[in-house]
Every structure is written in C-alpha cells, then in structure tokens.
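Student:
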Amino acid sequence: MSEIGPHTPPAAAEVPDPTQVMVAFDDNRLAGTLFGEFDQNLALIEQRLGVEVVAHGNQVLIRGVPEACAQARLALDMLYGRLEQGQDIEPGDVDGAIRMAEAAEAQLNLPSLEPKSRLAMAQIATRRRVVMARSPAQDAYVRAMESAELIFGIGPAGTGKTYLAVAYAAAMLERGMVSRLILSRPAVEAGERLGFLPGDMREKVDPYLRPLYDALYDMIAAEKVERGLASGMIEVAPLAFMRGRTLSDAAVILDEAQNTTPMQMKMFLTRLGEGSKMIVTGDPTQVDLPTGHDSGLIEALAKLREIREIKQITFTDRDVVRHPLVSKIVRAYDGPRDGDGRD
42 MSEIGPHTPP AAAEVPDPTQ VMVAFDDNRL AGTLFGEFDQ NLALIEQRLG
92 VEVVAHGNQV LIRGVPEACA QARLALDMLY GRLEQGQDIE PGDVDGAIRM
142 AEAAEAQLNL PSLEPKSRLA MAQIATRRRV VMARSPAQDA YVRAMESAEL
192 IFGIGPAGTG KTYLAVAYAA AMLERGMVSR LILSRPAVEA GERLGFLPGD
242 MREKVDPYLR PLYDALYDMI AAEKVERGLA SGMIEVAPLA FMRGRTLSDA
292 AVILDEAQNT TPMQMKMFLT RLGEGSKMIV TGDPTQVDLP TGHDSGLIEA
342 LAKLREIREI KQITFTDRDV VRHPLVSKIV RAYDGPRDGD GRD
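In our numbering, the protein residues as written are 42 to 384.
1) Since I believe Leu-253 is in contact with Arg-226 (beta carbons under 8 Å), could you give me their beta-carbon distance rounded to a whole number of angstroms?
2) Mapping DSSP to helix, strand and coil, what is Glu-87?
3) Starting from Gln-179, follow the alpha helix (DSSP H) in both directions and report where the run begins and ends.
4) Classify Asn-69: buried if its beta carbon has 16 or more other beta carbons within 10 angstroms, exposed otherwise.
5) In terms of alpha-carbon separation, which member of Leu-295, Tyr-182, Ile-86 lies closest to Arg-114?
6) Who are the Cβ neighbours of Met-409 in its own chain at under 6 Å, not counting the five residues just before and after it?
7) Roughly how far, in whole angstroms, is the beta-carbon of Leu-120 from the beta-carbon of Val-101, given that I think they are within contact range, below 8 Å?
8) Considering only the alpha carbon of each residue, which of Gly-285, Asp-296, Thr-200, Glu-264 lies closest to Gly-174?
9) On the CB-based measure, 16 or more other CB atoms within 10 Å of its CB, does Met-304 come out buried or exposed?
10) Does DSSP put Ala-278 in a helix, in a strand, or in coil?
11) On the DSSP bridge list, what partners appear for Phe-193?
12) How long is the line joining the alpha carbons of Leu-224 and Ala-206, rounded to whole angstroms?
13) For the alpha helix (DSSP H) containing Ser-272, list its first residue and its last residue.
14) Please classify Val-56: does DSSP put it in a helix, a strand, or coil?
15) Identify every residue that forms a DSSP beta bridge with Leu-313.
16) Taking Ile-339 as part of the alpha helix (DSSP H), name the residues at either end of that continuous run.
17) Which residues does DSSP list as the beta-bridge partners of His-97?
18) Out of Ala-210, Ala-65, Leu-270, Phe-282, state which residue places its alpha-carbon closest to the alpha-carbon of Ala-256.
19) Whole angstroms are fine: how far does the CA of Asp-134 sit from the CA of Ile-195?
20) According to DSSP, which residues form a beta bridge with Leu-295?
21) According to the neighbour-count rule (16 or more other Cβ atoms, all chains shown, within 10 Å of its Cβ), is Leu-366 buried or exposed?
22) How close, in whole Å, do the beta carbons of Thr-167 and Ile-261 come, if the pair is a contact with beta carbons under 8 Å?
23) By Cβ distance below 7 Å, which residues in the same chain neighbour Gly-323 in space, the five residues on each side in sequence not counted?
24) Roughly how many angstroms separate the alpha carbons of Arg-89 and Ala-142, rounded to a whole number?
25) Smallest Cα separation from Gly-16: which of Asp-259, Gln-164, Pro-177, Met-213?
The following block contains the structure:
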C-alpha cells in the first residue's frame, strides 16, 4: 500500500457563537469540487448530521449543535485531503467520511488520527483505482489485512467485506507481494458436484464466483485479468478443489464461508502456506447448508477467537455502504422473527 505524505489541513477559525464553525479552503478549484455540483455534497452532510452548511466562495459556514458541527468539519477536512491527493469524490465517499467523522468524535478506537488531527482513512491502491474505507469497521478490516496473515470478515450483505478483500488481494498481486491470486467459494447450489454441468471448469464455477469476478474487474484491467486466468496467476476454483494443496506465496480468498461444513473449513484453513495471506468472508446469518449441517464458519470463529495472530472483524447493518434501504432491510431481517430463526 502506498504511503500518503503529510499535508497542511485547511485553515479554520471558529465564529464566536459556539454553534457556528467557519472553515476556509486554500484551493478554490478543489473547494468547488468538494462542495459538489449544486452543493450536493454539502446537502448530504446537512441531511446526515442535522446541520446547516452554507458555502461562500472557498469557505463554508456550519451551524448546528457543537458535536455535529465538529463532525461536519472533520468530514469536510477528510474529503478535502482526498482531493489534494488527486482522488475523486463520489457520494459514497461523502457518506463514508461522515461515518468516520462520527466515529472519531465518539472517541472510538478507529479511525486513527494523523498529526494535526486529520483522519487517516485506511485505503487500498491498485493501478485502476484507490478504495478508501467508508466505515470504522472497513477501516479496521483493511488494517487487519495489512497486519495479519489470516483474517475473517464477518457481516451482512453490502458492507464491502468481499469487495475490500478482492481489492487488497489485487493490490498485493500488482505489487509482487504474492505471485498468484486464488478465489474460492463453496458451490452449495450445485452440491459441490459440478461434473454434470456443461463447459470447462471455469464455465462451471463462474455463476458461483460472479461477485468475486465483479470486484476483480473493478481493480484490474479486463485484459490483465484474462491473461492472469489463462496463465494461472489468477485462479478461481470451488472449495472442493482446494483439498490436498498447499497455497504458498498467494493471496487466497474464501467467500460465502458460512456455507462450508466444519470439515471443509478446517481443510481450507490448513492450506495456508508460506508467504500467503488468507481472507475468509461470510455472513453467519445466511447459512444455506441443508438442515442439520453445522456451519464451518461459525465453528471456526469460536475455536480461533483466542489466537492473537488471527484477526476477526465484524460488520453490522451500520456498516452497509450500498443503497440506504439495504441497511434497513438487513436490520429488519436481523430483528426478532417467528419460527426457528433461519432466513
């Protein structure tokens, strides 16, 4: 991961009224981009934090309760720093900056702070794009991938756990930190018996690995992905094909791990070889195994919890970074329900 050099934060001076904060930005062009077309980014900050944000040239006046004003200022400062680095801002980035500012103001452990109190969002840089953490859990997840060799990313759909895993693995491959990228997923829908399906192995497993492919093509140019698949530098395979192998010098991702049996999970985890990084993602509330079969992911999380070298990062509905309705849907399904509790 590339290092980001220090930079001077925008000048800020508080108005005598404690419910107002004036923030000035040095670069008028960047300030215009920061505010967004028709000030749409400022409007999003207003909506999310319950403050009033008024732009005057390269300055913004923030009005509201002191805590919310501080969060808005921190979010704007973070986004401006991103523009200074030559990166673009999308609506999702604004939402992420707000989440991170709220966490910092709540004095959570994450995100960490750079000198001069500028938020240091974890990021993953590939040749195609730079992916920034958009929630405290995403920040912790990226930092865990930097520091550990085996990482579990656990949580509901839409939290970015698979996307960030593929992004980090792609960055490792591009930098030569590993020599190959291995993507795997249990093909539960086909009962791991793929022989009856038409086509070669890739054609058989493609439908089950589509989310991994989608993230991969976001990070690496399509022609390079195809060359990698042809050469074996990038490999996609159902979980059953991992048996008997030692996965060395590789970035290995197991997606939808809640659909592994305990024996499959043990088999997969013990494939970890020298110079490799293994990332396991899944949602323990979405087990599709036949009734009576225990989830290997749930068992592994319990058995490995005390091993310090293994990192377990848990996402919640508050970390959903898709459409705002997705978070509400996840929350509704995770609430009290009738029956045996299975989805």
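Cβ coordinates follow ideal geometry from the N, Cα and C atoms, glycine included. Owing to the predicted nature of the structure, the values given are computational and were not obtained by experimental measurement.
Tutor: Let's see:
1) 7 Å
2) In this structure, Glu-87 counts as helix in the three-state DSSP scheme.
3) 177 to 188
4) exposed
5) Ile-86
6) Outside the shown range of the chain (42 to 384) lies residue 409, about which nothing can therefore be said.
7) So it is not a contact: roughly 11 Å between Cβ atoms.
8) For clarity, residue 174 is Ala in the given sequence; the question names Gly instead. Of all alpha-carbon atoms in Gly-285, Asp-296, Thr-200, Glu-264, the one lying nearest the alpha-carbon of Ala-174 is that of Thr-200.
9) With fewer than 16 Cβ atoms within 10 Å of its Cβ, Met-304 is classed as exposed.
10) strand
11) Val-321, Gln-353
12) 10 Å
13) 263 to 272
14) Residue placement at Val-56 is flagged as unreliable, the pLDDT there being 43, under the threshold of 50; the coordinate-derived value follows with that caveat. If DSSP states are grouped into helix, strand and coil, Val-56 belongs with coil.
15) Leu-288
16) 337 to 344
17) Partner residues in the beta bridge of His-97, as assigned by DSSP, are Gln-100.
18) Nearest C-alpha to Ala-256: Ala-210.
19) Inter-residue distance for Ile-195 and Asp-134 is about 22 Å (C-alpha atoms, whole angstroms).
20) Ser-225, Val-321
21) exposed
22) 7 Å
23) Ile-195, Glu-297, Ala-298, Gln-299, Leu-338
24) For Arg-89 and Ala-142, the distance between alpha carbons rounds to 12 Å.
25) This structure gives no information on residue 16, because the portion of the chain shown stretches from 42 to 384.
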